[in-house]
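In my numbering, the protein residues as written are 798 to 889.
Below is one structure, written out as structure tokens; comments come after it.
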Amino acid sequence: MADDSLQQLNKPKVEIHPEAVVVAKAILRGGNIVIGAGTVIHPQALIDAGEGKIIFGSNNIVEETAIIQNLGPPGNLMKIGDENLFEIGSAQ
798 MADDSLQQLN
808 KPKVEIHPEA
818 VVVAKAILRG
828 GNIVIGAGTV
838 IHPQALIDAG
848 EGKIIFGSNN
858 IVEETAIIQN
868 LGPPGNLMKI
878 GDENLFEIGS
888 AQ
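Rendered as structure tokens:
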């Protein structure tokens with residue numbers, strides 16, 4: 798039982814605002830990800846928080862095959878503000 802509790806503590810979190818849309822085929826990988834109200838993550842978009850937390854503000858659009866990666870030093874926080882558009886195939 799102690800092992801299960803430890804795994805839960807180390808498990809990455811994804812917080813999706815009730816007014817956000819994350820399509821089932823979107824890829825959310827890595828550490829903690831927060832997706833704000835009105836943000837839309839399209840299919841095959843990759844959100845990779847492997848090196849640190851990514852926080853999306855409100856009303857962002859991440860289109861198909863766009864890539865958002867936190868490549869900063871481990872533990873680095875990436876903040877994406879409000880009303881941004883990441884078009885098909887773009888990389889950040």
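Every residue gets a Cβ at the ideal spot worked out from N, C-alpha and C, and that includes glycine.
task: Figure out for me which residue from Asn856, Val811, Glu884, Ile885 has the closest Cα to the Cα of asparagine 829.
output: Counting from one through the sequence shown, the residue named residue 829 turns up at place 32. For asparagine 829, the closest of Asn856, Val811, Glu884, Ile885 by C-alpha to C-alpha distance is Val811.
- request: State buried or exposed for isoleucine 877, treating a residue as buried only when at least 16 other CB atoms are found within 10 Å of its CB.
  value: Along the sequence shown, read from residue 1 onward, the residue named residue 877 stands at position 80. Around the beta-carbon of isoleucine 877, 16 or more other beta-carbon atoms lie within 10 Å, marking it buried.
field: Sub-8 angstroms separation of isoleucine 813 and alanine 823 beta-carbons
entry: Mapped onto the sequence shown, residue 813 falls at position 16. Mapped onto the sequence shown, residue 823 falls at position 26. One thing to note: isoleucine 813 has its Cβ no nearer than 8 angstroms to the Cβ of alanine 823.
- request: Report the rounded CA-to-CA distance for asparagine 867 versus proline 815, giving the unit in angstroms.
  value: On the sequence shown, position 70 is the one that residue 867 refers to. On the sequence shown, position 18 is the one that residue 815 refers to. Each residue's Cα considered, the two are about 24 angstroms apart.
Segment limits, beta strand (DSSP E) that includes glutamate 812: Here the question's residue 812 lines up with position 15 in the sequence shown. Glutamate 812 -> beta strand (DSSP E) spans 811 to 813.
- prompt: Would DSSP call valine 859 helix, strand or coil?
  reply: By 1-based counting over the sequence shown, the position of residue 859 is 62. DSSP, read as helix, strand or coil, puts valine 859 in strand.
- prompt: Closest to alanine 834 by CA distance: which of Gly872, Val818, Gln841 is it?
  reply: The residue given as residue 834 occupies position 37 in the sequence shown. Answer by Cα proximity: Val818.
message: So isoleucine 858 and leucine 882 are supposed to be a Cβ contact under 8 angstroms. How far apart are they, rounded?
response: Position 61 of the sequence shown, counted from the first residue, corresponds to residue 858. Position 85 of the sequence shown, counted from the first residue, corresponds to residue 882. Going by Cβ atoms, the distance from isoleucine 858 to leucine 882 rounds to 5 angstroms, so yes, they are a contact pair.
task: Leaving out five residues on either side along the sequence, give the residues of the same chain with a beta carbon under 7 angstroms from the beta carbon of glutamate 860.
output: Residue 860 sits at position 63 when you count from the first residue of the sequence shown. Contacts found: His839, Ala842, Phe883, Glu884, Ile885.
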